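The structure under discussion appears below in the form of structure tokens.
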Amino acid sequence: MNSINLEHPNLARHGRRFALSALALAMTVTLSGSFAAGPLTKTVDIAKFAFVPKEITIEPGTRLRWTNHDETPHTVTSQAGKKVLSSPGLDVDDQYEFVFTDEGDFSYFCTVHPMMTGVVHVRKAGSKAP
Amino acid sequence: MNEPRPSRREALKCLSAWSATAVVWTVSGGVPSALGATNTGATAKADGGDLTFVQISDTHIGFKRDANPDVVGSLRRAIADIHTLPQTPAFVVHTGDVSHLSKAEEFGSAKELLREIHVDRVHTVPGEHDTIDDGVTGYLKFFDHDGNGRAWYSFDQNGVHFVGLTNTLNFKAGTMASLGDEQLAWLKKDLSGRSSSTPIVVLGHIPMWTIWEPWGWGTSDSAQAMALLRPFGSVTVLNGHIHQVLQKVEGNVSLHTAMSLAYPLPTPGQAGIGEPGPVKVSAGELGKLLGTRQVSVIRGKNELALIDRPLDKGTA
């Protein structure tokens with residue numbers, strides 16, 4: 199892509215403009231990451247028909263992001279009780295995010311493959327793990 | 196990521212070794228016995244049956260990954276194969292995972308493709324891939340067979356009672372899928388009053404016996420369904436889900452899983468695999484692992500003949 203742009207003056211200009219825009223965007227992202235009070239993000243991988251890690255402890259206000267790496271669709275769905283988590287079917291590389299504001303234990307599973315289960319423990323810093 | 200691990204490649208050798216051969220089964224007095232094997236897909240003793248139908252399964256319309264980038268092409272090959280059968284099937288049954296992601300466009304595309312089969316009708320049951328986001332709601336917009344707003348149903352054909360079940364709902368975390376109390380109550384009512392000599396054919400997606408629990412390859416309350424079916428002299432259960440041919444006999448009840456028309460899966464709990472995800476094989480191997488099944492009911496002899504027909508028949 200870059201080599202094509204450089205061979206054509208107009209495209210090259212567009213390419214530089216794009217590069218500058220990209221740089222500005224990168225700076226924005228960096229600045230927001232450094233100074234803005236966005237939620238801390240932690241991740242859970244969905245791979246080989248399992249949630250990895252199966253169990254995770256986070257603090258209130260944390261964003262949790264699940265990414266499906268399997269070629270088979272999965273969901274992130276709350277178990278019986280509070281239906282906090284309710285993702286659509288996640289295809290390959292699809293993501294689902296949820297910001298946990300309340301403390302508690304949030305058990306979930308994949309409705310397509312109910313043998314797949316996981317749990318999120320939301321605890322304030324310093325409080326005891328369950 | 197896209198390259199299969201050597202262990203997976205090795206493991207597929209044994210899968211292809213037996214899946215590529217069509218095995219002919221008959222059911223006489225409810226007890227199946229192997230008549231012989233053919234890898235030509237010849238209809239052999241199934242010819243002349245009073246009722247012949249075809250089972251297809253796991254088309255996964257919408258799947259585009261390396262294990263099979265052309266599932267539509269695979270389904271069309273199967274349709275062409277069905278059209279070569281010497282005895283025109285009365286209908287086709289599809290034992291679930293019609294779609295890959297329960298999307299309306301996938302159901303719509305599948306329905307159009309199934310209309311290309313030269314049969315009066317196609318009976319389907321939902322797979323778990325057809326009930327991902329909103330249960331059977333999206334599926335029923337395209338495949339509500341009796342207009343009752345339920346995915347389970349029954350019908351009679353040539354003296355055989357067919358029951359289509361849904362075992363991809365009632366999911367409970369940490370357990371295998373189930374039929375559920377409401378459906379079991381319906382099944383009990385549906386079967387009550389029927390002569391025990393009535394041949395029964397049950398269609399369901401997930402195997403109605405526990406093949407490999409860690410992968411969810413079973414139905415947690417299938418024993419209750421079996422108790423309702425056991426009094427009948429000839430019961431044949433046709434399942435999909437595991438993308439390979441396996442069978443089990445329990446008295447008068449014979450249970451059979453079928454090949455997929457999308458992609459292979461590992462053998463149950465296969466060492467070195469770890470999860471039941473799509474398995475990539477060479478283009479030459481794929482057609483040996485995908486296929487259809489011809490089923491014939493021969494009245495008077497009380498025989499049921501099953502012939503598994505890979506897309507690639509191979510050489511004799």
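Chains as they are written, first to last, in this note's numbering: chain A, 199 to 328; chain B, 196 to 511.
Each residue gets a CB set at the ideal place from its N, CA and C atoms; glycine is no exception.
Because the structure is a prediction, the values reported are computed rather than measured.
Chain-ordered neighbours of residue i on chain A, where CB pairs are closer than 8 angstroms
i                 : result
GLY369 of chain B : PHE307, PRO312, MET313, THR315
Span separating the alpha-carbon of residue i from that of residue j
i                 : j                 : result
HIS255 of chain B : PRO271 of chain A : 11 angstroms
ALA232 of chain B : PHE296 of chain A : Confidence at ALA232 of chain B is low in this model, with a pLDDT of 34, below 50, so its placement is unreliable and the value that follows should be read with caution. One C-alpha to the other measures close to 54 angstroms.
LEU296 of chain B : GLY435 of chain B : 17 angstroms
VAL448 of chain B : ARG488 of chain B : 18 angstroms
GLY291 of chain B : ARG504 of chain B : 18 angstroms
LYS322 of chain A : GLY279 of chain A : 22 angstroms
ASP289 of chain A : ILE244 of chain A : 11 angstroms
PRO471 of chain B : PRO281 of chain B : 36 angstroms
GLY428 of chain B : GLY359 of chain B : 19 angstroms
LEU481 of chain B : MET314 of chain A : 28 angstroms
GLN293 of chain A : GLY302 of chain A : 23 angstroms
ARG310 of chain B : THR393 of chain B : 30 angstroms
THR405 of chain B : TRP412 of chain B : 6 angstroms
LYS383 of chain B : ARG425 of chain B : 12 angstroms
VAL397 of chain B : LYS508 of chain B : 27 angstroms
MET225 of chain A : THR319 of chain B : Below a pLDDT of 50, predicted positions are generally treated as unreliable, and MET225 of chain A, at 38, falls in that range; the measurement from the model is reported next regardless. Computed Cα separation, rounded: 54 angstroms.
ILE312 of chain B : ILE277 of chain B : 8 angstroms
ASP325 of chain B : GLU301 of chain B : 10 angstroms
THR247 of chain B : LEU450 of chain B : 18 angstroms
VAL242 of chain A : THR265 of chain A : 7 angstroms
HIS520 of chain B : GLY324 of chain A : This structure cannot speak to residue 520 of chain B, because chain B is shown only from 196 to 511.
MET262 of chain B : THR279 of chain B : This sequence places Ala at residue 262 of chain B; Met is not what is there. Rounded to whole angstroms, ALA262 of chain B to THR279 of chain B spans 27 angstroms at the Cα level.
ALA422 of chain B : GLN442 of chain B : 19 angstroms
ALA380 of chain B : PRO237 of chain A : 49 angstroms
GLU408 of chain B : LEU501 of chain B : 26 angstroms
ALA229 of chain B : VAL320 of chain A : Here the model assigns ALA229 of chain B a pLDDT of 34, short of 50, so the residue's position is not dependable and the matter cannot be decided.
ALA273 of chain B : LEU506 of chain B : 6 angstroms
GLY354 of chain B : LYS252 of chain A : 51 angstroms
THR235 of chain B : GLU377 of chain B : Only weak support exists for where THR235 of chain B lies, its pLDDT of 39 falling under 50; the value from the coordinates is given anyway. Roughly 43 angstroms separates the two Cα atoms.
PHE307 of chain A : ILE327 of chain B : 13 angstroms
LEU386 of chain B : THR452 of chain B : 23 angstroms
9 angstroms Cβ cut-off: residues of chain B touching residue i
i                 : result
THR265 of chain A : Those do not exist, as THR265 of chain A stays about 13 angstroms from chain B at its closest Cβ, beyond 9 angstroms.
THR273 of chain A : ILE327, ASP328
GLN293 of chain A : Chain B residues near GLN293 of chain A: none, gap ~15 angstroms exceeds 9 angstroms.
Interface residues of chain A facing residue i [CB-CB closer than 9 angstroms]
i                 : result
ARG260 of chain B : GLU269, VAL290
Delimiting residues of the alpha helix (DSSP H) encompassing residue i
i                 : result
TRP381 of chain B : 376–386
SER304 of chain B : 299–309
LYS483 of chain B : 478–484
ALA274 of chain B : For the record, residue 274 of chain B in the displayed sequence is Ile; it is not Ala. Start and end: 266–277.
GLY333 of chain B : 332–338
Partner residues on chain B for residue i, Cβ-Cβ distance less than 7 angstroms
i                 : result
PRO286 of chain A : ASP328
Element boundaries [beta strand (DSSP E), containing residue i]
i                 : result
LEU186 of chain B : The structure shown has nothing for residue 186 of chain B, since chain B only spans 196 to 511.
LEU450 of chain B : 448–452
THR239 of chain A : 239–244
ASP351 of chain B : 348–352
PHE307 of chain A : 302–307
VAL444 of chain B : 442–445
PHE296 of chain A : 293–298
PHE357 of chain B : 355–359
LEU364 of chain B : Here LEU364 of chain B belongs to no beta strand (DSSP E), and DSSP marks it neither H nor E.
LEU424 of chain B : No beta strand (DSSP E) contains LEU424 of chain B, which is instead part of the alpha helix (DSSP H) from 417–424.
TRP264 of chain A : 260–266
GLY316 of chain A : 315–320
HIS289 of chain B : 287–289
THR255 of chain A : 253–256
ASN263 of chain B : Unbroken run through ASN263 of chain B: none, as it is neither H nor E.
HIS318 of chain B : 317–319
Contact between the stretch 254–261 of chain A and the stretch 280–288 of chain A (3+ Cβ pairs under 8 angstroms): Contact between the stretch 254–261 of chain A and the stretch 280–288 of chain A is absent, with fewer than three C-beta pairs closer than 8 angstroms.
What are the residues in the stretch 316–329 of chain B lying within 8 angstroms of chain A by C-beta distance? GLU323, HIS324, ILE327, ASP328
Give the residues from the stretch 452–476 of chain B that approach chain A closer than 8 angstroms (Cβ to any Cβ), ordered along the chain. If the cut-off is 8 angstroms between Cβ atoms, the stretch 452–476 of chain B has GLY469, GLU470, PRO471, GLY472, PRO473 near chain A.
Taking contact to mean 3 or more Cβ pairs, one atom from each stretch, closer than 8 angstroms, check whether the stretch 256–273 of chain B and the stretch 455–462 of chain B are in contact. yes
Within 8 angstroms of chain A by C-beta, residues of the stretch 283–301 of chain B in sequence order: HIS295, LEU296, SER297
The stretch 371–383 of chain B: positions lying closer than 8 angstroms to chain A by Cβ: If the cut-off is 8 angstroms between Cβ atoms, the stretch 371–383 of chain B has MET371, ALA372 near chain A.
Which residues of the stretch 246–258 of chain A have a Cβ closer than 9 angstroms to any Cβ of chain B? Give them in chain order. LYS246, PHE247, ALA248
Give, in chain order, every residue of the stretch 395–421 of chain B whose Cβ lies closer than 9 angstroms to some Cβ of chain A. Using a CB distance below 9 angstroms, the part of the stretch 395–421 of chain B facing chain A consists of GLU408, PRO409, TRP410, GLY411, ordered along the chain.
Does the stretch 316–332 of chain B come into contact with the stretch 361–369 of chain B, if we say contact requires no fewer than three beta-carbon pairs (one atom in each stretch) closer than 8 angstroms? yes
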